[in-house]
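**Student:** Pasting in a structure now, in structure tokens, and then I'll have a few things to ask.
Residue numbers (our numbering): -4 to 115.
Structure, rendered in structure tokens:
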């Protein structure tokens, strides 16, 4: 765990343990357009998701039993172009699991990533 230099704890990022690192890396990099990772190895992929936080994908061990994706984690992604991202998700076989709605004046729609982790 990284050590904070301030007197308060600071969230460093969100870690998602995955079984297929290559597919999940491609999904977040190319489909959700997070851009190139700041750290990219065969066991750890890290994307900056703001000034002080990261989305981290960690490769699970070969025999590690993984819990079902739904409910493991849920995160909110603010995309550059909502309509283009929704179109790109559909073209790549990703269908919403919850219909589009409006929350606090923003369009929100929930999907599952390749490992079954929900995001909106």
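Glycine included, C-beta positions come from ideal geometry on N, C-alpha and C.
Near residue 115, what residues of its chain come up, given a Cβ to Cβ distance below 6 Å and the 5 sequence neighbours on each side ignored?
**Tutor:** Taking the chain shown and counting its residues from 1, one reaches residue 115 at position 120. So the list reads 71, 103 and 105, once near-sequence residues are dropped.
**Student:** Within 8 Å, do at least three Cβ pairs link the region 81 to 99 to the region 36 to 50?
**Tutor:** As far as the Cβ criterion goes, the region 36 to 50 does not touch the region 81 to 99, which means the pair count is below three.
**Student:** Please return the same chain residues whose Cβ sits closer than 6 Å to the Cβ of residue 18, not counting the five positions on each side in sequence.
**Tutor:** On the chain shown, position 23 is the one that residue 18 refers to. The residues are 109.
**Student:** Thinking residue 11 and residue 112 are a contact (beta carbons under 8 Å), I'd like their distance in whole angstroms, please.
**Tutor:** Here residue 11 refers to the residue found at position 16 of the chain shown. Here residue 112 refers to the residue found at position 117 of the chain shown. Between residue 112 and residue 11 the Cβ distance is about 6 Å, and since that is below 8 Å, they are a contact.
**Student:** Considering only heavy atoms of the ligand SAH, does any lie closer than 8 Å to the CB of residue 39?
**Tutor:** This structure does not include the ligand SAH; it has no bound ligands of any sort.
**Student:** Since residue 29 and residue 44 should fall inside the 8 Å C-beta cutoff, what is the C-beta to C-beta distance between them, to a whole number of angstroms?
**Tutor:** Position 34 of the chain shown, counting from 1, holds the residue named residue 29. Position 49 of the chain shown, counting from 1, holds the residue named residue 44. Right, the Cβ-Cβ distance comes to about 7 Å (below 8 Å), so this counts as a contact.
**Student:** Among 100, 22, 15 and 31, whose alpha-carbon lies nearest the alpha-carbon of residue 89?
**Tutor:** Working through the chain shown from its first residue, we reach residue 89 at position 94. The candidate whose alpha carbon is nearest that of residue 89 is 22.
**Student:** Put residue 110 into one of helix, strand or coil per three-state DSSP.
**Tutor:** Your numbering for residue 110 matches position 115 in the chain shown. Here residue 110 sits in coil by DSSP.
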